[in-house]
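Residue numbers (my numbering): 1 to 115.
Don't be surprised by glycine CBs; every beta carbon is placed ideally from N, CA and C.
As the structure is a prediction and not an experimental result, all values here were calculated from the model.
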């Protein structure tokens with residue numbers, strides 16, 4: 001059996017090959033969040049696990065029974081060890097026309113309810 005090519009102990013049943021650093025990959029993690037605040041430019045959500053600044057993701061929600069979906073980028077987080085949830089502030093990095101229309105309708109309804 002050939003020697004492992006890395007410093008890790010080989011425990012797999014088949015040989016492994018090191019991957020050059022230029023290869024890109026991602027890990028999809030799903031996390032339930034609570035929507036706290038929403039605007040034309042972004043959202044504030046509460047979740048149990050912090051997300052690093054710069055993390056990109058995808059948010060799906062129902063806004064007054066209207067489906068909404070957008071790509072987001074985490075810009076800030078608030079909270080700490082004494083809080084059970086972390087507040088995550090994210091900006092919208094993209095959304096389809098239908099979601100943009102539903103967001104606009106939701107925000108207009110919110111303004112009329114607040115007056």
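- Under the three-state reduction of DSSP output, residue 12 falls in the coil class, being neither helix nor strand.
- Annotated as proximal: residue 68 and residue 103, with beta-carbon spacing under 8 angstroms.
- The beta carbons of residue 70 and residue 94 sit closer together than 8 angstroms.
- For residue 78, the number of other beta carbons within 10 angstroms of its own is below 16, and it is reported as exposed.
- The Cβ atoms of residue 52 and residue 86 lie no closer than 8 angstroms to each other.
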